[in-house]
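Residue numbers (this note's numbering): 2 to 106.
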């Protein structure tokens, strides 16, 4: 399996980190972390569940990833300091291995 790491700093200054493993052209595992907050805690499982199994070609499309995350969120989910779009940006950065100078922008 191929391990990938991506980061994205949101306009509000919160960091979103995504660690992925890739197998057979799909996201095999996904871990999302950072200095953001979300409620209820189980919401994080919904986000990672939306990523696991996704084809890497699709995962490069930020709008598609953000839409899938949004659709997977429970109705009572509250995301503070980040959005599905920021997770999608971190996923894309993990997959394309952008230079460090680009990661922090």
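Each residue gets a CB set at the ideal place from its N, CA and C atoms; glycine is no exception. Please read all numbers here as calculations on a predicted model, not as lab measurements.
query                                                                                                                                                                  : result
For the candidate residues 49, 63 and 90, whose alpha-carbon lies nearest to that of residue 22?                                                                       : 49
Going by C-alpha distance, which of 15, 7 and 13 is nearest residue 32?                                                                                                : 7
Around the C-beta of residue 83, are 16 or more other C-beta atoms found within 10 angstroms, so that it is buried, or is it exposed?                                  : buried
Are the beta-carbon atoms belonging to residue 47 and residue 74 less than 7 Å from one another?                                                                       : yes
Decide yes or no for the touch test of the segment 85-94 against the segment 9-23: beta carbon pairs closer than 8 Å, at least 3 of them.                              : yes
Which residue marks the beginning of the alpha helix (DSSP H) containing residue 50, and which one marks its end?                                                      : 44-52
Taking a contact to mean a Cβ-Cβ separation below 7 Å, would you say residue 60 touches residue 66 in this structure?                                                  : yes
So, for residue 13: in the same chain, excluding its five sequence neighbours on each side, which residues have a beta-carbon less than 7 Å away from its beta-carbon? : 82
Given a cut-off of 7 Å, decide if residue 24 and residue 55 are closer than it, judged by their beta-carbon atoms.                                                     : no
Assuming residue 80 and residue 53 make a contact with CB atoms under 8 Å, what is their CB distance in whole Å?                                                       : No, residue 80 and residue 53 are not in contact; Cβ-Cβ is about 19 Å, not under 8 Å.
Is DSSP giving residue 16 helix, strand or coil here?                                                                                                                  : strand
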